[in-house]
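Visitor: Okay, handing you the structure first.
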Amino acid sequence: MNNTIDPTPTDWNSPEMQKRIAKRYASEKRFKLMGLSAVIMSTAFLIFLLITMLGNGFSGFQQTNAKLEIDFPSMTGGASAQSISGDGADAAIRSMDIAGIVAIAVDNQYGDLAKDMDQTLFSSGADRRVAAMLKADPSLVEQKVVLELPADAAIDTAYKGDGLKKAEELTQILDEKGLLTTEFNLSFLTGSDASDPAEAGIWGAFKGSLMTMVITILLAFPVGVLSALYLEEYAPKNRWTDLIEVSINNLAAVPSIIFGLLGLVVFLSWFNMPRSSALVGGLTLALMTMPIIVIAGRNAVKSVPPSIREAALGVGASPVQVVFHHVLPLALPGILTGTIIGMARALGETAPLLLIGMRAFVPAAPSGFSEPSTVLPVQIYLWSDEVSRAFVEKTSAAIIILLLFLMTMNAVAIYLRNRFETRW
Amino acid sequence: MLKKLSLVVVSMLALSACQDEASSGGSGDARNELRIVGSSTVFPFAKLVAEKYQASGENIKAPVLESTGTGGGLERFCEGIGANTPDIANASRRIKKKEFDKCQANGVTDIIEIQVGIDGIAMAQSISGPDVQLTVKDVYAALAAKPFGKEQTAEKWSDVNPALPDLAISVYGPPPSSGTRDAFEELIMEAGCKTDPAMKALKDSDKDLYKETCHEVRNDTKFQEQGENDNLIVGKLSANPNTMGVFGYSYMEENADKVRGISMDDNAPTYDSIASGDYPGARPLFIYVKKQHIGKIPGIQEFITEFVEAGVADTYLAKIGLIASPDDVRAKAKAAATDLVTIDGSELQ
Numbered sequence: 033m034n035n036t037i038d039p040t041p042t043d044w045n046s047p048e049m050q051k052r053i054a055k056r057y058a059s060e061k062r063f064k065l066m067g068l069s070a071v072i073m074s075t076a077f078l079i080f081l082l083i084t085m086l087g088n089g090f091s092g093f094q095q096t097n098a099k100l101e102i103d104f105p106s107m108t109g110g111a112s113a114q115s116i117s118g119d120g121a122d123a124a125i126r127s128m129d130i131a132g133i134v135a136i137a138v139d140n141q142y143g144d145l146a147k148d149m150d151q152t153l154f155s156s157g158a159d160r161r162v163a164a165m166l167k168a169d170p171s172l173v174e175q176k177v178v179l180e181l182p183a184d185a186a187i188d189t190a191y192k193g194d195g196l197k198k199a200e201e202l203t204q205i206l207d208e209k210g211l212l213t214t215e216f217n218l219s220f221l222t223g224s225d226a227s228d229p230a231e232a233g234i235w236g237a238f239k240g241s242l243m244t245m246v247i248t249i250l251l252a253f254p255v256g257v258l259s260a261l262y263l264e265e266y267a268p269k270n271r272w273t274d275l276i277e278v279s280i281n282n283l284a285a286v287p288s289i290i291f292g293l294l295g296l297v298v299f300l301s302w303f304n305m306p307r308s309s310a311l312v313g314g315l316t317l318a319l320m321t322m323p324i325i326v327i328a329g330r331n332a333v334k335s336v337p338p339s340i341r342e343a344a345l346g347v348g349a350s351p352v353q354v355v356f357h358h359v360l361p362l363a364l365p366g367i368l369t370g371t372i373i374g375m376a377r378a379l380g381e382t383a384p385l386l387l388i389g390m391r392a393f394v395p396a397a398p399s400g401f402s403e404p405s406t407v408l409p410v411q412i413y414l415w416s417d418e419v420s421r422a423f424v425e426k427t428s429a430a431i432i433i434l435l436l437f438l439m440t441m442n443a444v445a446i447y448l449r450n451r452f453e454t455r456w
Numbered sequence: 003m004l005k006k007l008s009l010v011v012v013s014m015l016a017l018s019a020c021q022d023e024a025s026s027g028g029s030g031d032a033r034n035e036l037r038i039v040g041s042s043t044v045f046p047f048a049k050l051v052a053e054k055y056q057a058s059g060e061n062i063k064a065p066v067l068e069s070t071g072t073g074g075g076l077e078r079f080c081e082g083i084g085a086n087t088p089d090i091a092n093a094s095r096r097i098k099k100k101e102f103d104k105c106q107a108n109g110v111t112d113i114i115e116i117q118v119g120i121d122g123i124a125m126a127q128s129i130s131g132p133d134v135q136l137t138v139k140d141v142y143a144a145l146a147a148k149p150f151g152k153e154q155t156a157e158k159w160s161d162v163n164p165a166l167p168d169l170a171i172s173v174y175g176p177p178p179s180s181g182t183r184d185a186f187e188e189l190i191m192e193a194g195c196k197t198d199p200a201m202k203a204l205k206d207s208d209k210d211l212y213k214e215t216c217h218e219v220r221n222d223t224k225f226q227e228q229g230e231n232d233n234l235i236v237g238k239l240s241a242n243p244n245t246m247g248v249f250g251y252s253y254m255e256e257n258a259d260k261v262r263g264i265s266m267d268d269n270a271p272t273y274d275s276i277a278s279g280d281y282p283g284a285r286p287l288f289i290y291v292k293k294q295h296i297g298k299i300p301g302i303q304e305f306i307t308e309f310v311e312a313g314v315a316d317t318y319l320a321k322i323g324l325i326a327s328p329d330d331v332r333a334k335a336k337a338a339a340t341d342l343v344t345i346d347g348s349e350l351q
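For the protein sequence lines, the chains are C and F, in the order given.
If you read the first sequence in this note's numbering, its first letter stands for residue 33, the second for the next number, and so on.
If you read the second sequence in this note's numbering, its first letter stands for residue 3, the second for the next number, and so on.
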């Protein structure tokens with residue numbers, strides 16, 4: 033009806049046209065701003081997280097020590113350095129009743145002060161510290177010495193400025209006398225979980241995480257990559273491979289706790305593998321990580337240009353040679369990116385590990401893959417549950433360690449990826 | 003480049019193989035570390051005992067403790083015997099007949115029951131405060147968010163029970179994250195709630211609503227949460243004589259010069275009334291041990307001996323709040339730990 037074309041050219045200067053143009057610019061500007069604010073928001077969250085963690089966690093790497101004068105000769109009845117050195121040193125030191133010696137020394141030096149305040153002065157690890165010192169230097173036993181021993185958690189937190197009122201008063205008195213010192217808390221990095229915050233350390237959980245990750249990557253990476261290669265390069269396109277593809281995609285979206293239940297039934301109940309071990313943890317996490325690697329791997333293999341394959345076949349390479357000499361190396365950067373994502377997820381995972389018994393108090397670092405162990409995120413979870421406020425800083429410090437672990441792992445993967453990356 | 007990658011993979015494999023080699027010696031079918039599961043109330047005590055036990059000698063492997071809750075712990079405990087099942091289950095209540103039967107059915111026939119101590123929840127007030135005697139019903143009516151399902155309107159103790167003094171309700175208590183709070187809700191609030199037959203009936207018809215009505219503490223200034231530290235509450239009570247506090251019995255005993263326990267259902271929170279179970283805020287803590295594992299898993303007997311011996315006044319366990327059981331119970335526990343007496347389940351419910 034009205035199909036005639038208006039022959040007059042568009043008047044770009046007409047007010048309504050100008051309005052339209054302004055609208056287009058405005059919408060573009062709006063979109064840009066929205067994008068920018070999204071980026072700023074996520075960065076702000078990240079910075080907030082880092083600052084709070086560093087702020088809270090930094091003091092977790094420090095330990096307050098208090099000085100204690102121990103007059104060994106009078107208390108041990110003149111034990112000689114020789115009697116606690118050599119082969120039977122451990123047994124000899126154990127038989128000395130160091131806990132009693134420390135208790136008497138504390139009483140001699142601090143007696144009334146501690147009683148008035150009703151506050152324990154030294155961490156329960158002080159006895160062990162003294163034993164270790166004696167073992168390192170047996171001659172101490174023949175002297176009257178002043179040792180710096182870890183202070184009780186209440187004093188530790190008070191000295192760091194976050195303690196209870198009573199402990200703060202006591203800390204002030206001690207500090208005025210120059211009896212308190214701070215040192216880098218080495219035992220936090222070398223120790224394992226303990227009920228006393230002054231003794232609790234991260235090494236057990238760190239080693240557990242490391243071993244779990246080794247199992248995970250050893251299983252998930254080869255299986256994932258081989259599946260991806262087979263599905264892309266060899267598998268016929270039919271209903272079965274479609275089904276497998278859908279299943280793998282679904283598997284990648286399954287909540288992690290389900291994998292924990294699977295691990296509980298399959299690895300623990302059927303195969304009778306050791307509970308709470310890094311082996312079972314690693315296997316369970318590998319199940320979870322595999323689909324992610326398969327999906328990323330398939331996309332990476334798919335994105336290798338067909339010309340590469342055809343050229344290789346053209347110069348007489350066998351299909352296996354094509355895959356392993358050309359396709360896989362070119363797809364590797366993409367596969368590694370997928371692996372990083374999968375492993376990062378596995379490293380931060382707690383839910384499936386709770387079910388296979390890794391949420392446990394394990395006061396010693398695991399010495400093998402089948403030994404009971406815990407992992408960093410579970411340790412963080414356990415510590416955040418602790419009543420003592422000294423564990424707050426330990427929790428934050430553990431989070432810093434976990435983030436560092438994650439960053440190191442990613443850095444290695446990114447380095448590998450950049451090395452293998454090819455552009456065309 | 004692929005070669006380099008495979009080198010990395012191969013070296014990692016080799017590394018793990020060495021590790022496996024090294025560790026496979028110990029833990030094939032037998033374990034040499036203790037496995038303990040169960041109650042989160044007993045968990046901190048068991049943790050300390052485990053540390054002491056490990057420090058008691060050379061080459062003792064550290065026990066592994068899982069805090070699963072009493073029910074979850076006993077369930078795993080009763081799954082059967084063998085290296086894949088726990089040796090000891092901690093419990094903040096007695097094992098139920100049902101659980102015991104499940105144990106028997108699964109071959110866990112010889113169970114040693116040891117009461118390691120008592121967990122007590124006390125209400126207390128300053129020595130200089132007015133003398134008040136309460137019942138669990140009074141406490142529930144005054145402190146519940148919805149007493150017997152109705153709106154909470156009580157302002158004074160006399161509002162809930164005319165026999166009580168004309169005193170504003172003001173209670174200091176632990177926050178919900180605390181185990182003391184759980185026990186307070188379970189032992190005192192729920193007991194008060196159950197005095198109403200309608201509430202008892204509700205338990206069978208709507209468990210969630212029952213729990214909400216019977217456990218939830220009012221959320222206003224009448225009940226003030228004071229953080230996890232019971233000592234803090236003790237300090238505040240002496241400053242405010244008209245206020246009451248809820249905390250672990252051991253703190254009350256320790257501060258007997260400042261605070262006095264409030265009688266509940268005509269029972270003052272004393273050592274004897276808590277031990278005998280007459281005082282409503284008391285519950286025994288148990289550990290259950292598989293006798294069949296003794297001799298196969300090293301250290302079980304040493305661990306339970308340490309636990310029993312530490313369960314007296316003035317030890318490291320008392321310091322973190324364990325109440326020693328009365329002498330006769332302790333003697334029985336000691337006998338059970340030394341002679342490995344098993345229970346036959348006849349007195350269980």
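In this text, a Cβ means the ideal position worked out from N, Cα and C, and glycines have one as well.
Count the other C-beta atoms from every protein chain shown that fall within 10 angstroms of the C-beta of C:I53, then say buried if there are 16 or more, exposed otherwise.
Guide: Within 10 angstroms of the beta-carbon of C:I53 lie fewer than 16 other beta-carbons, which makes it exposed.
Visitor: Quick one: what does DSSP say C:L179 is sitting in, helix, strand or coil?
Guide: strand
Visitor: Is any beta-carbon of chain C found at less than 8 Å from that of F:Q228?
Guide: Judged by the 8 Å Cβ criterion, F:Q228 is not in contact with chain C.
Visitor: Per DSSP, F:M266 is paired with what?
Guide: F:L136, F:N269
Visitor: Taking C-beta pairs closer than 8 Å, name the residues in chain C that F:E68 reaches, listed in chain order.
Guide: S308, G389, R391, A392, F393
Visitor: Using a Cβ cut-off of 9 Å, pull out every chain F residue sitting near C:D122, in sequence order please.
Guide: Within chain F, the C-beta atoms nearer than 9 Å to that of C:D122 come from E60, in chain order.
Visitor: On the CB-based measure, 16 or more other CB atoms within 10 Å of its CB, does F:V66 come out buried or exposed?
Guide: buried
Visitor: Suppose the cutoff is 6 Å on Cβ atoms and the five residues either side in sequence are ignored; what does the same chain contact list for C:D159 look like?
Guide: I130, A131, V134
Visitor: Considering only the alpha carbon of each residue, which of C:S69, C:N45, C:G89 lies closest to C:V424?
Guide: Relative to the Cα of C:V424, the nearest Cα in the group C:S69, C:N45, C:G89 belongs to C:G89.
Visitor: If you draw a straight line from the C-alpha of F:A19 to the C-alpha of C:L172, how long is it?
Guide: Legend: pLDDT at F:A19 = 47, less than 50; position of this residue unreliable, value from coordinates given subsequently. Using only the alpha carbons, I get a separation of about 43 Å.
Visitor: What residues match up with C:Q94 in a beta bridge as DSSP calls it?
Guide: C:F216
Visitor: Any residues in the region 77–90 of chain F with a beta carbon nearer than 7 Å to a beta carbon of chain C? Which ones, in chain order?
Guide: N86
Visitor: Pick out whichever of C:L202, C:S117, C:M439, C:R307 has its Cα sitting closest to the Cα of C:I372.
Guide: When C-alpha distances from C:I372 are compared across C:L202, C:S117, C:M439, C:R307, the shortest belongs to C:M439.
Visitor: Would you mind sorting C:V37 into buried or exposed? The rule is 16 or more other CB atoms within 10 Å of its CB.
Guide: A small correction: the amino acid at residue 37 of chain C is Ile; Val does not occupy that position in the sequence shown. A residue is called buried once 16 or more other Cβ atoms fall within 10 Å of its Cβ, and C:I37, having fewer, is exposed.
Visitor: Ordered along the chain, which non-local residues of its own chain (more than five positions away) have a Cβ less than 7 Å from that of F:S25?
Guide: The predicted model places F:S25 with a pLDDT of 40, which falls under 50 and marks its position as unreliable; any figure quoted below should be read in that light. Result list for F:S25: empty, nothing under 7 Å.
Visitor: Against C:N450, what residues of chain F qualify as contacts under a CB-to-CB distance less than 7 Å, listed in chain order?
Guide: None at all; the shortest Cβ gap to chain F is about 12 Å.
Visitor: Would you list the residues sitting across from F:I123 in a DSSP beta bridge?
Guide: F:G250
Visitor: For the region 109–169 of chain C, list the alpha helix (DSSP H) runs that are entirely contained and at least 4 residues long, ordered along the chain.
Guide: 121–126, 130–149, 158–168
Visitor: Excluding the 5 residues flanking F:H295 on each side, which residues of the same chain have their C-beta closer than 8 Å to its C-beta?
Guide: Excluding positions up to five away in sequence, the list reads I83, D89, I302.
Visitor: By how many angstroms is the C-alpha of C:S69 removed from the C-alpha of F:T72?
Guide: If I take the Cα positions, the gap works out to 49 Å.
Visitor: Assuming contact is defined by CB atoms lying nearer than 8 Å, are C:I187 and C:V257 in contact in what I supplied?
Guide: Inclusion of C:I187 and C:V257 in the CB contact set at 8 Å is not warranted, their separation being larger than that value.
Visitor: Could you check whether the Cβ of C:N304 sits closer than 8 Å to any Cβ belonging to chain F?
Guide: Closer than 8 Å: yes.
Visitor: Flag this pair as yes or no: are the beta carbons of C:T321 and C:G292 separated by less than 8 Å?
Guide: no
Visitor: For F:P46, would you say it is in contact with chain C, using Cβ-to-Cβ distances shorter than 8 Å as the test?
Guide: At a cut-off of 8 Å between beta carbons, F:P46 contacts chain C.
Visitor: With the cut-off set at 8 Å, would you say C:T108 and C:M128 are in Cβ contact?
Guide: yes
Visitor: Can the beta-carbon of F:G40 be found less than 8 Å from the beta-carbon of F:T87?
Guide: no
Visitor: For C:A445 and C:P409, what's the separation of their Cα atoms in angstroms?
Guide: For the pair C:A445 and C:P409, the Cα-to-Cα distance works out to about 21 Å.
Visitor: Would you give the residue range spanned by the alpha helix (DSSP H) that C:S2 belongs to?
Guide: Outside the shown range of chain C (33 to 456) lies residue 2 of chain C, about which nothing can therefore be said.
Visitor: Taking only the alpha-carbon atoms, compute the straight-line gap between C:N304 and F:G175 and give it to the nearest angstrom.
Guide: Roughly 46 Å between the two C-alpha positions.
Visitor: If you count every other CB in all the chains shown that lies within 10 Å of the CB of F:E153, and 16 or more means buried, which is it?
Guide: exposed
Visitor: When DSSP builds the beta bridges, which residues end up paired with F:L287?
Guide: F:G119
Visitor: Count the CB pairs spanning the region 135–143 of chain F and the region 285–294 of chain F that are closer than 8 Å, and state whether there are at least three.
Guide: No, the region 135–143 of chain F is not in contact with the region 285–294 of chain F.
Visitor: Is DSSP giving F:V66 helix, strand or coil here?
Guide: strand
Visitor: Which residues in the same chain as C:P41 place their Cβ atom closer than 6 Å to its Cβ, once the five residues preceding and following it in sequence are excluded?
Guide: none
Visitor: From F:P46 to F:L204, what does the alpha carbon distance come to, in whole angstroms?
Guide: 34 Å
Visitor: Go to C:G233, then tell me how far its alpha helix (DSSP H) extends in each direction, as first and last residue.
Guide: Counting along the chain, C:G233 falls outside any alpha helix (DSSP H), and DSSP gives it neither H nor E.
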